[in-house]
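Residues in the sequence shown are numbered from 1 upward in steps of one, following the UniProt record's numbering. Every residue gets a Cβ at the ideal spot worked out from N, C-alpha and C, and that includes glycine.
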Amino acid sequence: MAHGPPGPSSGSFTPVLLENPGAGLFAGYTPLPGAYDELFGRDGAPRPEFLRTATLLGALAPNEFARAQQLAELALLNQGVTFSVYADQRGAEKIFPLCLIPRMLSAADWAHMERGLEQRVRALGLFLDDVYGDQRILKEERVPRDLVLGSGQYLKQVHGLRPPGGVRIHIAGVDLIRDPAGTFRVLEDNLRTPSGVSYVLENRLISKRVLPHLLDKARVQRVDHYPARLAETLRSVSPASPSGTSAVVLTPGPYNSAYFEHSFLARTMGLELVQAPDLFVDQDQVFVRTTRGPRRVHVIYRRIDEAFLDPEAFRPDSLLGVRGLMRAYAAGNVALANAPGNGVADDKAVYPFVPEMIRYYLGEEPVLEQVPTYLCMRDDDRRYVLDHLEQLVVKAVDEAGGYGMLMGPQSTAAQRDEFRARIQATPRRYIAQHRVELSTSPTWDPTAKTAVPRRLDLRPYVLTGRDGAWVLPGGLTRVALVAGSYVVNSSQGGGSKDTWVLKGPGEGAQRTPSIGGSDASPAAANNDPPGAAPGPAPPEAP
Numbered sequence: 001m002a003h004g005p006p007g008p009s010s011g012s013f014t015p016v017l018l019e020n021p022g023a024g025l026f027a028g029y030t031p032l033p034g035a036y037d038e039l040f041g042r043d044g045a046p047r048p049e050f051l052r053t054a055t056l057l058g059a060l061a062p063n064e065f066a067r068a069q070q071l072a073e074l075a076l077l078n079q080g081v082t083f084s085v086y087a088d089q090r091g092a093e094k095i096f097p098l099c100l101i102p103r104m105l106s107a108a109d110w111a112h113m114e115r116g117l118e119q120r121v122r123a124l125g126l127f128l129d130d131v132y133g134d135q136r137i138l139k140e141e142r143v144p145r146d147l148v149l150g151s152g153q154y155l156k157q158v159h160g161l162r163p164p165g166g167v168r169i170h171i172a173g174v175d176l177i178r179d180p181a182g183t184f185r186v187l188e189d190n191l192r193t194p195s196g197v198s199y200v201l202e203n204r205l206i207s208k209r210v211l212p213h214l215l216d217k218a219r220v221q222r223v224d225h226y227p228a229r230l231a232e233t234l235r236s237v238s239p240a241s242p243s244g245t246s247a248v249v250l251t252p253g254p255y256n257s258a259y260f261e262h263s264f265l266a267r268t269m270g271l272e273l274v275q276a277p278d279l280f281v282d283q284d285q286v287f288v289r290t291t292r293g294p295r296r297v298h299v300i301y302r303r304i305d306e307a308f309l310d311p312e313a314f315r316p317d318s319l320l321g322v323r324g325l326m327r328a329y330a331a332g333n334v335a336l337a338n339a340p341g342n343g344v345a346d347d348k349a350v351y352p353f354v355p356e357m358i359r360y361y362l363g364e365e366p367v368l369e370q371v372p373t374y375l376c377m378r379d380d381d382r383r384y385v386l387d388h389l390e391q392l393v394v395k396a397v398d399e400a401g402g403y404g405m406l407m408g409p410q411s412t413a414a415q416r417d418e419f420r421a422r423i424q425a426t427p428r429r430y431i432a433q434h435r436v437e438l439s440t441s442p443t444w445d446p447t448a449k450t451a452v453p454r455r456l457d458l459r460p461y462v463l464t465g466r467d468g469a470w471v472l473p474g475g476l477t478r479v480a481l482v483a484g485s486y487v488v489n490s491s492q493g494g495g496s497k498d499t500w501v502l503k504g505p506g507e508g509a510q511r512t513p514s515i516g517g518s519d520a521s522p523a524a525a526n527n528d529p530p531g532a533a534p535g536p537a538p539p540e541a542p
């Protein structure tokens with residue numbers, strides 16, 4: 001099937017606007033008590049910075065919006081925007097649901113967030129340089145030495161290696177929440193193979209096609225240039241000249257949960273999508289097999305977990321990696337994005353020390369706050385956690401996607417007993433936090449056929465090249481579609497929203513072309529279907 005925007009057969013349409021918005025989409029909407037609502041204030045009125053867009057949305061009749069939502073779901077299906085959930089016994093390929101009611105961010109909020117994200121990723125990069133180098137921060141005991149060197153994500157094979165271009169965190173996905181006071185807090189860092197950005201781009205494309213009148217009038221910052229910026233970031237760290245650089249996207253293959261994204265990004269960047277058998281190493285240089293003979297590869301955007309990256313350096317049974325790849329990397333002949341070894345910086349047990357890293361390396365106070373965290377490896381913390389399991393959220397440091405987690409306030413006695421035993425057996429493996437009441441946003445309920453408050457988070461994406469950092473305006477908003485749920489992960493029944501960062505007063509109008517338009521990357525006009533299939537690879541769903 002063709003990959004592209006929904007055409008006439010899938011039904012782009014001009015919605016009918018009500019003269020009386022009181023009977024429209026937000027009729028009867030009541031913000032959730034105790035939570036910060038992204039669109040409405042405590043008085044029930046739209047927040048001033050979003051008044052114009054909220055009025056336009058609110059003028060939609062529910063039946064008109066229901067039709068638009070159905071068109072969006074059809075577009076997702078036609079475009080193959082899917083992921084696999086391996087815990088699902090059916091092994092089914094699933095659509096990542098999109099709620100067409102956008103999540104909006106003001107220009108002021110975004111400027112603050114952008115500044116904090118750049119600061120955080122810069123400090124984390126310096127931390128990685130340090131712990132794989134002189135280890136000053138460990139020697140000065142600003143971060144516990146045993147915590148870092150004992151992390152399952154610390155790779156001894158990387159110690160002493162300097163990455164080409166001097167960059168380790170080329171692509172970061174930082175998960176943020178907003179607390180009841182309206183303060184954004186960092187919940188988690190994703191510095192290895194952060195996923196989900198393809199949904200950001202596809203969500204915007206669908207919003208433009210299904211509800212074009214809203215985007216045209218809301219003055220929203222563009223996101224379609226992400227593939228071009230990512231390609232530029234990759235070229236900037238090449239050991240060759242940017243103009244002579246050959247880069248590829250390395251995927252585990254079509255059975256991986258995020259294969260749609262691997263294919264999508266390769267296509268929109270104009271890069272070749274390869275698997276391990278397509279590559280080989282000769283004299284510490286990487287080559288890709290082509291019909292015209294071997295071609296040198298200078299940059300690899302890897303979407304393979306580092307444990308499987310090179311059977312010579314890591315897991316010897318890996319069939320997904322390239323033998324000798326780490327030798328080529330150590331010789332400075334190929335750049336790997338992201339760099340191997342980054343996992344020690346996004347270890348959940350290291351997370352509480354990121355503010356100290358910012359102070360130590362940058363001499364600055366953190367712009368973005370965090371969620372207070374208990375480390376179960378500490379005796380006092382562990383005792384507190386075990387005594388208050390019913391009040392806490394407990395997370396395994398080596399799990400992701402909502403797995404290995406206890407939601408204490410919603411747990412049963414049996415579940416708490418199970419986690420108590422786990423914590424006592426391997427305390428280093430667990431952290432705990434008090435549950436933060438997540439912010440909410442109006443979300444379409446297809447059963448009630450109206451907008452209802454649902455909890456959400458945000459994953460912005462930070463690209464860092466040789467010349468500095470750039471943050472994609474907005475990011476992936478994930479939403480808990482089930483009433484009362486705090487779990488937004490796609491693998492746990494969550495959905496997504498298009499994230500609209502509104503332009504400030506001084507920012508002029510800017511056309512936001514669709515993926516495949518003239519302003520996108522060179523390969524964007526190629527509308528071949530990316531395809532995807534379920535299978536038993538490690539999950540990478542956002």
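Between the C-alpha atoms of residue i and residue j, what's the straight-line distance to the nearest angstrom?
i           : j      : result
TYR360      : ILE206 : 44 Å
ARG428      : LYS348 : 10 Å
GLU118      : ALA413 : 42 Å
THR245      : LEU128 : 26 Å
LEU191      : ALA247 : 20 Å
LEU126      : VAL367 : 17 Å
residue 548 : TRP470 : Absent from the model: residue 548. The displayed extent of the chain is 1 to 542, so no value can be given.
SER411      : TYR36  : 24 Å
GLU306      : LEU336 : 10 Å
ARG420      : PRO409 : 15 Å
GLN510      : LYS503 : Unreliable placement is indicated for GLN510, whose pLDDT of 45 sits below 50; no coordinate value is reported for it.
ALA331      : GLY160 : 12 Å
ASP387      : PRO252 : 43 Å
VAL501      : ALA448 : 29 Å
GLN415      : ARG145 : 33 Å
PRO316      : PRO355 : 37 Å
GLY11       : ALA72  : Low confidence applies to GLY11: its pLDDT is 47, below 50, so where it sits in the model is not reliable, and the reading given next is rough at best. Approximately 9 Å, taken between the alpha carbons.
GLY7        : GLY80  : In this prediction, GLY7 scores a pLDDT of 39, lower than 50, which makes its location untrustworthy; no coordinate-derived value is stated.
LEU273      : ASN256 : 14 Å
GLY321      : ASP43  : 56 Å
ILE423      : LEU74  : 45 Å
GLY133      : GLU232 : 28 Å
HIS262      : LEU250 : 8 Å
THR499      : ASP467 : 27 Å
GLY165      : PHE184 : 32 Å
For the putative contact between residue i and residue j, defined by C-beta atoms under 8 Å, what is the C-beta separation to the nearest angstrom?
i      : j      : result
HIS434 : LEU392 : 6 Å
PRO242 : SER236 : 7 Å
GLY402 : SER491 : 6 Å
Go through its chain and collect everything with a Cβ distance to residue i's Cβ below 6 Å, but skip five positions before and after it.
i      : result
THR193 : ARG303
GLU49  : SER106
GLU437 : GLY34, ALA35, PRO180
PHE26  : GLY58, ALA451
GLN135 : none
PRO163 : ALA339
ALA345 : LEU124, PHE127, LEU128, LEU191
For residue i, which residues from the same chain have a beta carbon less than 7 Å from its beta carbon, with the 5 sequence-adjacent residues on both sides left out?
i      : result
GLY196 : GLY173, ARG459, LEU476, PRO542
ALA54  : LEU39, PRO46
LEU147 : ALA349, VAL350
ARG295 : SER246, PHE287, VAL288
GLU364 : GLN119, ILE358
ASP398 : GLY152, ARG429
Leaving out five residues before and five after residue i in sequence, what residues of the same chain have Cβ atoms less than 8 Å from its Cβ?
i      : result
THR440 : PRO31, LEU32, ALA35, TYR36, ASP37, GLU38, PRO453, ARG454, ARG455, LEU456
LEU481 : PRO97, CYS99, THR443, ARG454, GLY493, GLY494, GLY495
ARG229 : LEU463, TRP470, LEU472
PRO446 : ALA66, GLN69
LEU77  : ILE95
VAL385 : TYR374, CYS376, LEU392, VAL394, ILE423, TYR430, ALA432
Could one say the Cβ of residue i lies closer than 7 Å to chain D's Cβ atoms, at least one of them?
i     : result
ASP43 : The chain labelled as chain D is not found in the depicted structure, where only one protein chain is given.
Are at least three pairs of beta-carbons, each pair with one atom in the stretch 450-469 and one in the stretch 108-128, less than 8 Å apart?
yes
Per the contact definition of three or more C-beta pairs closer than 8 Å, is the stretch 332-349 in contact with the stretch 139-159?
Touching, yes.
Kindly confirm or deny that the stretch 466-483 and the stretch 195-204 touch, where touching means at least three C-beta pairs closer than 8 Å.
yes
Any contact between the stretch 281-295 and the stretch 206-217? By contact I mean 3 or more CB pairs, one from each, below 8 Å.
The stretch 281-295 makes no contact with the stretch 206-217: fewer than 3 CB pairs, one atom from each, lie closer than 8 Å.
The stretch 365-381 touching the stretch 164-172, judged by at least three CB pairs closer than 8 Å:
no
Quick check on the DSSP output: what are the complete beta strand (DSSP E) runs of length 3 or more inside the stretch 72-141, in order along the chain?
Listed in chain order, the complete beta strand (DSSP E) runs (minimum 3 residues) inside the stretch 72-141 are 82-84, 93-95, 98-105.
Complete alpha helix (DSSP H) runs within the stretch 343-417 (minimum length 4 residues, chain order):
354-362, 379-387
Within the stretch 282-314, note down every full beta strand (DSSP E) run reaching 3 residues or more, in order along the chain.
Runs of the beta strand (DSSP E) inside the stretch 282-314: 285-288, 295-297, 299-302.
Which complete alpha helix (DSSP H) runs does the stretch 196-282 hold, if anything under 4 residues is left out?
197-210, 212-218, 226-236, 259-269
Every unbroken beta strand (DSSP E) inside the stretch 417-457 [3 residues or more]
430-434, 440-445
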